[in-house]
């Protein structure tokens, strides 16, 4: 079974608006870590932001923030004031506390920011 | 500036040929990874290396082997490549197995004909 699921295959938004990308995960562990990565058109994969399961506050880095809803096993990525260069594929990922070896990735959401 | 490099960036091979993909990092990271990325499937873990000569299978190790003789260098080897190994391969590294963020290389696009 898929441990990390991203149901939105693609999203298109206008520049300077706010976009939310969805991600749900599945784990039995009480401790786990959630990540968002960005893959640009050139293929480069860049770490964006992380949420630790034991933290109640939503993580924020620059114009990226997370909507962590633990009871729903959901970790949404919010990008405010989107820019053209935010166009990319965004991957959600999870690392379980019991298995540090593996980073489970979702299938990605392609974001297109239109001028 | 932290950097993970991969060589070659593009490679075309015939079925049955051997393939060597190279990865390097200049950050003295202990842990390194090999992933493959196929359309619609995200990234799948092939192998992990915790340090020199300390390697562990990931989710899809069949058909692959790895070598790590120096901390800064991690190789992925396909003995007798198959057409279903056509994919984009990414190398990544992190400080140690307990460090959560991974830094990725630019990827190698391998085509097996």
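Chains as they are written, first to last, in our numbering: chain U, 16 to 130; chain A, 13 to 125. Heads up, the beta-carbon is just placed ideally off N, CA and C, and yes, glycines get one too.
Would you mind reading off the limits of the beta strand (DSSP E) that contains residue 49(A)?
On the second chain, position 37 is the one that residue 49(A) refers to. First-last of the beta strand (DSSP E) with residue 49(A): 43-49.
Anyone know if the C-beta pair for residue 66(U) and residue 81(U) falls short of 8 angstroms?
Your numbering for residue 66(U) matches position 51 in the first chain. Your numbering for residue 81(U) matches position 66 in the first chain. Their beta carbons are under 8 angstroms apart, which means residue 66(U) touches residue 81(U) by this criterion.
Determine the DSSP secondary structure at residue 95(A), reduced to helix, strand or coil.
Numbered from 1 along the second chain, position 83 holds the residue referred to as residue 95(A). Of the three classes helix, strand and coil, the one that applies to residue 95(A) here is helix, per DSSP.
Between the segment 60-78 of chain A and chain U, which residues of the former have CB atoms less than 8 angstroms from a CB of the latter, in chain order?
60, 68, 70 and 71
Excluding the five sequence neighbours on either side, which residues of its own chain have a C-beta within less than 7 angstroms of the C-beta of residue 55(A), listed in chain order?
As a working note, residue 55(A) is residue 43 in the second chain. Cβ contact annotation for residue 55(A) (same chain, cutoff 7 angstroms, sequence separation greater than five): 47, 49 and 102, in chain order.
Classification of residue 52(A) by the beta-carbon crowding that lies within 10 angstroms, buried from 16 upward
Taking the second chain and counting its residues from 1, the one referred to as residue 52(A) is at position 40. Result: exposed.
Give me the subset of the segment 103-114 of chain U whose CB atoms are less than 7 angstroms from a CB atom of chain A, sorted by chain position.
Those would be 106 and 110, in chain order.
Using the beta-carbon of each residue, which ones in chain A are nearer than 7 angstroms to residue 120(U)?
For the purposes of this step, residue 120(U) is taken as the residue at position 105 of the first chain. In chain order: 54 and 55.
Taking only beta-carbon positions, decide if residue 114(A) is within less than 8 angstroms of chain U.
On the second chain, residue 114(A) is found 102 positions in, with the first residue counted as 1. Yes, residue 114(A) counts as interfacial toward chain U.
Around the Cβ of residue 26(A), are there at least 16 other Cβ atoms within 10 angstroms (buried) or fewer (exposed)?
Residue numbering aside, residue 26(A) sits at position 14 when the second chain is read from its first letter. Flag for residue 26(A) reads exposed.
Contact between the segment 19-38 of chain U and the segment 83-98 of chain A (3+ Cβ pairs under 8 angstroms):
no
Check whether the Cβ of residue 60(U) lies closer than 8 angstroms to any Cβ atom in chain A.
Position 45 of the first chain holds residue 60(U). So yes, residue 60(U) belongs to the interface.
Exposure label - residue 69(U); buried when at least 16 CB within 10 Å
Looking up residue 69(U) in the first chain gives position 54. That one is exposed.
Residue 57(A) - containing beta strand (DSSP E), residue span
Sequence index remark: in the second chain, residue 57(A) carries index 45 (1-based). First-last of the beta strand (DSSP E) with residue 57(A): 55-63.
Indicate whether at least one CB of chain B lies closer than 8 angstroms to the CB of residue 48(U).
No chain B appears in this structure, whose protein chains are U and A.
Cβ contact (3+ pairs, closer than 8 angstroms) linking the segment 40-57 of chain U and the segment 111-122 of chain U:
yes
At a Cβ threshold of 8 angstroms, is residue 77(U) touching chain A?
Indexing the first chain from 1 puts residue 77(U) at position 62. Taking a beta-carbon distance threshold of 8 angstroms, residue 77(U) does not count as an interface residue toward chain A.
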